[in-house]
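*Asks:* 2 is the number of the first residue of the sequence shown in our numbering; add one for each residue after it.
Where is the CB? At the ideal position from N, CA and C, for every residue including glycine.
Handing you a structure now.
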Amino acid sequence: MSQTSDTHPLKFDDPDDFDRLRDVLARADYTDRGVTELLDVKDARAISGCDVDILRRRTAGGTPLETLVRLFLVGVSVDVAAARRAVEPMTLEDWTAAGLLQVQDDAVRSAVQLLPFQGLLIAFDRPQHLQSQQKEDYVMGIGSSTLTLANLTVRRPAQAALDLGTGCGLLAFLAARHSEQVVAVDCNARAVEMAAFNVRLNNLPNVDCRVGDLFAPVAGQQFDLVVSNPPFVISPERRYIYRDGGMHGDGITRRIVDEVPQLLRDDEAGKGGYCQILCNWAHIEGEDWQQRLAGWFERTGCDAWVMRTDTLDAPDYAVKWIRHTEREDTEGFAERLDEWTAYYRQERIEAVSGGLITMRRRSGGANWFRADDGPEKMLGPAGEGIAEGFELRDFLEDNHDDNALLGRQLRVSPDARLRQAFEPSQEGWLPIESQLELSRGLVYSGAVDPYMAQLIARCNGQHRLGELLVELARSAGKEPSELAPTLLDVVRRLIERGFLLPSS
2 MSQTSDTHPL
12 KFDDPDDFDR
22 LRDVLARADY
32 TDRGVTELLD
42 VKDARAISGC
52 DVDILRRRTA
62 GGTPLETLVR
72 LFLVGVSVDV
82 AAARRAVEPM
92 TLEDWTAAGL
102 LQVQDDAVRS
112 AVQLLPFQGL
122 LIAFDRPQHL
132 QSQQKEDYVM
142 GIGSSTLTLA
152 NLTVRRPAQA
162 ALDLGTGCGL
172 LAFLAARHSE
182 QVVAVDCNAR
192 AVEMAAFNVR
202 LNNLPNVDCR
212 VGDLFAPVAG
222 QQFDLVVSNP
232 PFVISPERRY
242 IYRDGGMHGD
252 GITRRIVDEV
262 PQLLRDDEAG
272 KGGYCQILCN
282 WAHIEGEDWQ
292 QRLAGWFERT
302 GCDAWVMRTD
312 TLDAPDYAVK
322 WIRHTEREDT
332 EGFAERLDEW
342 TAYYRQERIE
352 AVSGGLITMR
362 RRSGGANWFR
372 ADDGPEKMLG
382 PAGEGIAEGF
392 ELRDFLEDNH
402 DDNALLGRQL
412 RVSPDARLRQ
422 AFEPSQEGWL
432 PIESQLELSR
442 GLVYSGAVDP
452 YMAQLIARCN
462 GQHRLGELLV
472 ELARSAGKEP
482 SELAPTLLDV
492 VRRLIERGFL
502 LPSS
């Protein structure tokens, strides 16, 4: 048999073949559980970090599952007879015509990767596509940025959701679980084709895939949720649709911020839809990055929370992304690094940060802006922590006056944990450190002194903060007025990070 073209469209001519394909994969137990148990890995994505020879040994039994794993996850060829057995009762010709497999002589290999993930099956490009002549339309799989945004997405019931820059479609498919309708948009026609294939494969009739530039395909529509993992890399190049935004600096993120508010639904209470963007932004010489980004959100009609996760100096950032796509091009590396760093000097970019921007449409009253570093880790889905962060900031804005806050009753979050460290002494164990930490979601942490730890413990929803201030001052031998400024500053930070909550 001749080899199927790398650019063969990913589709079935007979719509019923999607049902047949699902049946074949289910019968083989080509699922999250089936794959992880076979390979003894934590999740199917972890395969990319495993030794290929070890994976070959673990898939040497010739079962349909082992053959499918070799083809679509390990990325090695199998013989024609094994491939035919794995796809039965469908034919090998069905799968090659659909663009899933390629055959040359007596060897069969996959044309795409097919990953079981959280009950879904997601097709995307093999890494080798980045070395092909069609590399500019590469469709990325489920990377760390996609997973971060998925974990931080506010998952509330929605009438309509938008996945902007959908790629293989994962964020749209996760949104479909809590949204009546989802639109998945990408300017890469091949990505939309692959996402549409995944829609049919996963039987998601409430997801509509559209080709177009940013918001053009959804002009005039309103959404309760917009998620975007756009091509955010700040580079002088336009080589890859999935990576390079095609605008100066962080222009693509700025454009999304400017244009998305008119698409966010506003509700009767004045608090409307969310937009969440996983992105990069530039640090410009002589400018404070927080003040620079604050200017982006003026007159948007949205509250905004910028959560920074990392920062790299411009040369280190260039090295990271050049190596991401040009692993084999060692000869041209130095030249490209010079091009990238010259571009950063020209644009006065000294560093680049990454993180999450969350906007919420809100009418009535002045909008607020928050920019800070995210927690060192997240445990479990953290979208509810993002939504709670907006509500807590609203509470602080409503109680910005010191006397107003002192009159409120607070309670400790049920997720708060106080951890203490001790050292031995002649008198026994001596406490040396107290650490307050959240146990799930956005796992913020910080040191607290004994006095503050005691005050936090007394926040049980029964006492006004002013009463607790008086008690604390008495135990410390101070006047309440002396402690109030410091205490209120600490309490506001504890509220903002979710350690203390309004009692009602």
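Using the rule of at least 16 other Cβ atoms within 10 Å of the residue's Cβ for burial, across every protein chain shown, is Ser505 buried or exposed?
*Replies:* exposed
*Asks:* Quick one: Cα of Asp44 to Cα of Ile123, how far?
*Replies:* The C-alpha of Asp44 lies about 14 Å from the C-alpha of Ile123.
*Asks:* For the putative contact between Leu11 and Met195, defined by C-beta atoms under 8 Å, what is the C-beta separation to the nearest angstrom?
*Replies:* For Leu11 against Met195, the beta-carbon gap comes to about 6 Å, under 8 Å, which counts as contact.
*Asks:* Do Pro262 and Thr326 come within 9 Å of each other at the CB atom, strictly closer than that value?
*Replies:* no
*Asks:* What's the gap between the Cα of Arg156 and the Cα of Asp339?
*Replies:* 43 Å
*Asks:* At 3 residues or longer, and completely inside the segment 133-216: list those beta strand (DSSP E) runs for me, N to C.
*Replies:* 159-165, 180-187, 208-212
*Asks:* Helix, strand or coil for Asp259? Go by DSSP, reduced to three states.
*Replies:* In the structure shown, Asp259 adopts helical secondary structure according to DSSP, grouped into three states.
*Asks:* According to DSSP, is Trp282 part of a helix, a strand, or is it coil?
*Replies:* strand
*Asks:* Bridge partners for Cys276 per DSSP, in chain order?
*Replies:* In the DSSP output, where bridge partners are listed per residue, Cys276 has Val227, Met360.
*Asks:* May I ask you to list the residues that DSSP assigns as paired with Thr312?
*Replies:* Ser354
*Asks:* With distances taken Cα to Cα, identify the nearest neighbour of Arg28 among Ala474, Gly76, Glu89, Ala47.
*Replies:* Glu89
*Asks:* Mind checking Gln277: buried by the 16 CB within 10 Å criterion, or exposed?
*Replies:* buried
*Asks:* Confirm, please, whether the CB-CB distance from Arg418 to Leu439 is below 9 Å.
*Replies:* yes
*Asks:* Quick one: what's got a C-beta closer than 8 Å to Glu181's C-beta in the same chain, skipping five residues either side?
*Replies:* Ala159, Gln160, Ala161, Asn207
*Asks:* Please state the DSSP three-state secondary structure of His401.
*Replies:* coil
*Asks:* Give a yes or no on whether the C-beta atoms belonging to Ala315 and Ala372 are separated by under 9 Å.
*Replies:* no
*Asks:* So, is Gln105 buried or exposed, given that buried needs 16 or more other C-beta atoms within 10 angstroms?
*Replies:* Gln105 is exposed by the Cβ-count criterion.
*Asks:* Among Tyr452, Asn203, Arg349, which residue has its Cα nearest to the Cα of Asp251?
*Replies:* Arg349
*Asks:* Here's the rule I'm using: 16 or more other beta-carbon atoms within 10 Å means buried, otherwise exposed. How should His284 be labelled?
*Replies:* buried
*Asks:* If we ignore side chains and look at the alpha-carbon of each, how far apart do Ile496 and Glu392 end up?
*Replies:* 10 Å
*Asks:* So, is Phe423 buried or exposed, given that buried needs 16 or more other C-beta atoms within 10 angstroms?
*Replies:* Around the beta-carbon of Phe423, fewer than 16 other beta-carbon atoms lie within 10 Å, marking it exposed.
*Asks:* CA-CA distance, Leu171 and Glu468?
*Replies:* 50 Å
*Asks:* Can you give the beta carbon distance from Asp225 to Gly274, rounded, assuming they're within the 8 Å contact cut?
*Replies:* Contact between Asp225 and Gly274 holds: CB atoms are separated by about 5 Å, below the 8 Å threshold.
*Asks:* Below 8 Å, how does it come out for the segment 61-76 and the segment 30-39: are there three or more Cβ pairs, yes or no?
*Replies:* yes
*Asks:* If you run the structure through DSSP and keep just helix, strand and coil, what is Arg58?
*Replies:* helix
*Asks:* Are the beta-carbon atoms of Leu205 and Phe174 separated by less than 9 Å?
*Replies:* yes
*Asks:* Give me, in chain order, the residues of the same chain whose beta-carbon lies closer than 8 Å to that of Leu39; leave out the 5 immediate sequence neighbours on both sides.
*Replies:* Within the same chain, Arg59, Thr60, Leu66, Glu67, Val70 come within 8 Å of Leu39 by CB-CB distance, once the 5 residues on both sides are set aside.
*Asks:* Out of Gly168, Lys378, Thr97, which one is the CA nearest neighbour of Arg211?
*Replies:* Gly168
*Asks:* What's the C-alpha gap between Pro16 and Gly287?
*Replies:* If I take the Cα positions, the gap works out to 58 Å.
*Asks:* In the DSSP output, what is Gly553 paired with across the bridge?
*Replies:* Residue 553 lies beyond the residue range present for the chain, which begins at 2 and ends at 505; the question has no answer from this structure.
*Asks:* Using beta-carbon positions only, say whether Ala108 and Val79 come within less than 9 Å of one another.
*Replies:* yes
*Asks:* Helix, strand or coil for Ser6 per DSSP?
*Replies:* Caution is warranted here: a pLDDT of 40 is assigned to Ser6, below 50, making its placement in the model unreliable, and the coordinate value is therefore given only provisionally. Of the three classes helix, strand and coil, the one that applies to Ser6 here is coil, per DSSP.
*Asks:* Indicate whether Leu165 and Pro231 have their beta-carbon atoms separated by less than 9 Å.
*Replies:* yes
*Asks:* Apart from the five residues just before and just after Trp290, which ones in its own chain have a Cβ nearer than 6 Å to its Cβ?
*Replies:* These residues qualify, in order along the chain: His284.
*Asks:* What does DSSP give as the partner residue(s) for Val79 in the beta ladder?
*Replies:* Val109
*Asks:* Considering only DSSP beta bridges, list what Ala372 is partnered with.
*Replies:* Val307
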